[in-house]
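**Q** Numbering (the working numbering), first residue to last: 155 to 292.
In this text, a Cβ means the ideal position worked out from N, Cα and C, and glycines have one as well.
Input: one structure, supplied below.
Here it is in structure tokens:
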């Protein structure tokens, strides 16, 4: 897989683009694993072209949260917008994206009540500040 990722890295630039990170269960492979845990894979999709510049298998003894930092380390994400579903809304992941000079859009669910309240409060404060700005007509 390493050779493939090196090759695709030459074709697809992961800088200054939209990268969507998502895990997928390979349900069709469950039968072949003799009823063991369903194999999982973590993908990065470069959404402009629909190509996968990186992917990693998720070991049955871990989960997506542990693998996302490893996946991010494979890419130059500077200037890119990274989207991840709610499982990726973790402080360490956000800090890593920021340290690698990327930007993020993450999901906040209602079961994360404190984070939800803080997000709403921040949005209201931001919206209040922007609505007070003077509109300039050209």
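On the CB-based measure, 16 or more other CB atoms within 10 Å of its CB, does residue 294 come out buried or exposed?
**A** With the chain covering only 155 through 292, there is no way to say anything about residue 294.
**Q** Run through the DSSP bridge pairs and tell me what residue 177 is partnered with.
**A** Numbered from 1 along the chain shown, position 23 holds the residue referred to as residue 177. Paired residue(s): 196.
**Q** Where does residue 236 fall in DSSP's three states?
**A** The residue given as residue 236 occupies position 82 in the chain shown. Note: residue 236 maps to strand in three-state DSSP.
**Q** Exposed or buried, residue 292, counting other C-beta atoms within 10 Å across all chains shown (16 or more means buried)?
**A** As a first step, residue 292 must be located in the chain shown, where it is residue number 138. With a pLDDT of 46 at residue 292, under the threshold of 50, the modelled position of this residue cannot be trusted; read the value that follows with caution. So residue 292 ends up on the exposed side.
**Q** For the pair the region 259-268 and the region 196-210, tell me if three or more CB-CB distances fall below 8 Å.
**A** No, the region 259-268 is not in contact with the region 196-210.
**Q** Kindly list the residues whose CB is nearer than 6 Å to the CB of residue 237, restricted to its own chain and excluding five residues on each side of it in sequence; keep chain order.
**A** Position 83 of the chain shown, counting from 1, holds the residue named residue 237. Only 174, 259 meet the Cβ criterion.
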